[in-house]
Amino acid sequence: MNWPPLIYLGSFLAMACSWFTFVLMPHLQFGRLEQTDTKAPTPLYPGMTPGEAHQGANVYRANGCVYCHSQQIGQTDVGLEVTVGSVGTNQTDVTELRMALRRAYDFVAAQQGGEAKPDTEVTLEVEALQAGKLSRIEVASGLDKRDADAAVKIVGEAGDDVKVAMTVVPKGADLERWGASRRSVALDYLYDYPVQLGSKRLGPDLANIGSRMPDVQHHLLHLYHPQSVTPNSVMPAYKYLFEEVPSASPRATQALELPEGIPADYRPSPGYVVVPRPEALQLVAYLKNLQGGPRVFQAPMPPDAAPVAPKADAAAKSN
Amino acid sequence: MSDESHNKDGQSVQDWTSGKTAGPLWIMILLVVLAWMGGIYLDRTSGGFNPEVYAPYPSYAYVKDVQGGGDLPPNWAKGKELFNLACAGCHQPTGMGAAGVAPPLAGSDWVLAAKPDRIARVVYNGLKGPIELGGQPFNAAGTLMMLNMGQQMGYSVDDMAAVLTYIRMNPDWGNDGSAVKASDIAAAYDAAKARSTQWTAKELQAIPVE
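Residue numbers (the working numbering), protein chains in the order written: chain A, 93 to 411; chain B, 42 to 251.
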């Protein structure tokens with residue numbers, strides 16, 4: 093057998109497969125991503141980074157923030173909710189809904205375990221829904237797809253006037269901890285170059301830091317002396333992003349308010365105040381611009397989802 | 042020694058052709074089993090290698106199914122296109138209108154009336170003069186005027202039904218009116234087509250919408 097050509101062909105094929113899978117296919121799949129129409133309030137998402145935030149992205153990159161902070165929110169699970177939005181006005185609709193709900197509750201109880209809702213409560217909530225006192229009835233939550241489809245079908249048997257909806261509730265530790273309403277998807281990074289996903293979380297995730305912590309002064313103080321904001325922080329102090337100016341200077345209006353316990357070498361000299369350099373302001377503008385995105389196709393979320401408030405203890409510890 | 046097992050230099054020579062040897066069978070079986078398990082894993086978690094499918098969703102069909110807001114009638118999307126083309130310039134994509142330009146459509150009692158006969162006429166022939174929105178006067182000075190957009194755009198009955206469906210059922214605007222079919226506005230369309238001037242609020246009030 094003439095081995096050399098075969099060996100050459102073998103190694104070429106191996107490298108071609110690798111290139112195909114890791115370079116060509118991803119480019120074909122993600123390389124042509126475009127802004128998407130998200131309905132409201134800004135129709136096109138994502139938008140190009142506004143001016144100062146764009147400069148801040150370079151400051152973020154230059155200071156290597158990506159080595160300790162990530163910018164991606166993950167999701168581990170999906171719970172499906174089945175709700176009833178409205179019922180018709182006449183009595184037969186109400187009765188049918190009540191019976192359908194009875195069957196649905198029994199079905200859900202059989203699937204998930206636990207007690208089915210008693211008849212009296214079912215009657216009360218259907219009446220409340222019809223009277224407008226209740227905006228919707230939550231039939232079940234945390235279902236998987238098969239059960240949710242079955243529950244929707246059962247409730248849907250109550251007739252055409254009944255508005256049954258199945259909403260998806262994303263679940264995951266990241267979502268809870270950072271108070272995000274959905275996970276990050278490739279579209280979120282469309283105008284980031286390079287994409288600063290990060291691989292370590294020595295510091296908190298920053299994907300929605302702008303909506304979590306909008307206070308500029310807080311960010312500036314945190315950059316200047318992290319330990320005065322978060323007592324046991326391991327973040328280095330970015331003192332060189334700030335400078336001292338005389339108190340009479342026009343820039344003194346931007347002076348940082350330094351807390352009492354700050355170490356002596358972080359205090360300005362007498363007659364001087366600490367002000368942020370342009371780089372610090374740009375970096376904070378960049379951070380403020382990092383807000384979780386609106387609804388996109390790839391990451392379904394409930395229609396009226398507001399971001400969940402981040403867990404209080406995590407916020408105190410690591411924000 | 043000159044025999045077949047030594048060459049002329051005396052080196053020991055075996056049959057040096059590279060014949061076939063069988064590899065260990067257990068490795069082959071193990072690899073096949075591992076490949077099969079890998080295939081099952083990919084089947085469950087790869088989402089068909091579809092770029093729109095992210096963890097933990099199992100497939101594109103699932104993601105499509107749980108999008109929510111799915112009970113919009115089929116002509117809603119077309120109505121949205123037509124609206125953005127012809128109407129959003131003044132009434133804004135948010136449906137909020139703009140003071141001194143156009144009245145809001147979001148939450149408007151005109152839009153959400155039980156029957157779309159009045160707004161069908163307005164869309165086709167336009168409107169001039171002061172009107173009352175939710176009891177509040179709008180365009181009291183009569184300086185604003187809506188042109189006959191439907192007529193200019195050459196709307197058919199279906200086009201008009203699509204636009205009306207969109208503005209009546211837009212969840213982002215909070216409008217939860219009913220859908221509009223072409224048959225619902227057939228009479229209104231004929232009346233509008235026969236007319237060449239804009240409507241006034243007074244004439245429209247005479248048209249029943251309950």
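Every residue, glycine too, gets a C-beta built ideally from N, C-alpha and C.
Boundaries of the alpha helix (DSSP H) around Met191 (chain A): 183 to 204. When the five nearest sequence neighbours on each side are left out, the beta carbons in the same chain lying within less than 7 Å of the beta carbon of Val104 (chain B) are those of Glu93, Val94, Tyr98, in order along the chain. As a beta-bridge residue in DSSP terms, Tyr364 (chain A) pairs with A:Pro338.
Identification of residues in the stretch 88 to 108 of chain B having a C-beta nearer than 9 Å to some C-beta of chain A yields Phe90, Asn91, Pro92, Glu93, Val94, Tyr95, Ala96, Pro97, Tyr98, Pro99, Tyr103, Val104, Lys105, Asp106, Val107, Gln108, given in sequence order. Counting along the chain, Pro262 (chain A) sits inside the beta strand (DSSP E) bounded by residues 256 to 263. Distance from the Cα of Val176 (chain A) is smallest, within the candidate group A:Pro392, A:Lys263, A:Asp185, A:Pro386, for A:Asp185. Within chain B, Tyr95 have C-beta atoms less than 7 Å from the C-beta of Ala391 (chain A), given in sequence order. Between Lys169 (chain B) and Gln239 (chain B), the C-beta spacing is below 9 Å. Pairing Asp200 (chain B) with Gly191 (chain B) gives a Cβ-Cβ distance under 9 Å. Any Cβ of chain A closer than 9 Å to the Cβ of Pro157 (chain B) would place that residue at the interface, and such an atom is absent.
For the stretch 122 to 174 of chain B, the continuous alpha helix (DSSP H) assignments of 4+ residues that do not extend past its boundaries occur at 129 to 132, 158 to 166, in sequence order. The C-beta of Pro144 (chain B) comes no closer than 9 Å to any C-beta of chain A. Setting aside the 5 residues that flank it on each side, Leu188 (chain B) is surrounded in the same chain by Gly167, each with a C-beta closer than 7 Å to its C-beta; the list follows chain order. The stretch 160 to 180 of chain A and the stretch 255 to 268 of chain A touch, with three or more beta-carbon pairs separated by less than 8 Å. Straight through space, the alpha carbons of Lys225 (chain A) and Ile248 (chain B) are spaced by roughly 33 Å. Here the alpha carbons of Val367 (chain A) and Met327 (chain A) stand approximately 20 Å from one another. For Pro171 (chain B), no Cβ of chain A is located within less than 9 Å of the residue's own Cβ. Contact between Ala242 (chain B) and Pro171 (chain B) holds: CB atoms are separated by about 7 Å, below the 8 Å threshold.
For Gln127 (chain A), no CB of chain B lies under 9 Å from its own CB, so it is not counted at the interface with that chain.
Near chain B, meaning a CB-to-CB distance below 9 Å, the residues of the stretch 222 to 249 of chain A are Lys237, Ala240, Asp241. DSSP places Asp50 (chain B) in the coil class of the three-state scheme, outside both helix and strand. Pairing Ile160 (chain B) with Ala223 (chain A), the inter-Cα distance amounts to about 29 Å. Assignment of Ser233 (chain A) by DSSP, reduced to helix, strand and coil, places it in the strand class. Residue contact check for Pro395 (chain A) against chain B: a CB pair falls below 9 Å. Within the stretch 149 to 185 of chain A, the beta strand (DSSP E) runs of at least 3 residues that lie entirely inside it are, in chain order, 169 to 176.
When secondary structure is reduced to three states using DSSP, Asp129 (chain A) falls in the strand class. As the crow flies, the alpha-carbon of Trp151 (chain B) is around 37 Å from that of Leu172 (chain A).
Taking a contact as a CB-CB distance under 8 Å, the pair Ala243 (chain A) and Val174 (chain A) counts as one, their CB atoms being some 5 Å apart. The DSSP-derived three-state label of Val198 (chain B) is helix. Scanning its chain for C-beta atoms nearer than 6 Å, with the 5 sequence neighbours on each side dropped, one finds around Tyr197 (chain A) the residues Ala208, Lys209, in chain order. Looking at the DSSP output, Val388 (chain A) shares a beta bridge with A:Ala391. For Leu188 (chain B), the secondary structure class from DSSP, reduced to helix, strand or coil, is coil. For Phe104 (chain A), the enclosing alpha helix (DSSP H) stretches over residues 95 to 111. Leu189 (chain A) and Ser227 (chain A) have their C-alpha atoms spaced approximately 15 Å apart.
Take Leu235 (chain A), set aside five residues on each side of it, and the residues of its chain with a beta-carbon closer than 8 Å to its own are Gly171, Leu172, Glu173, Val174, Val200, Gln203, Gln204, Ala243, in chain order.
DSSP places Tyr283 (chain A) in the coil class of the three-state scheme, outside both helix and strand.
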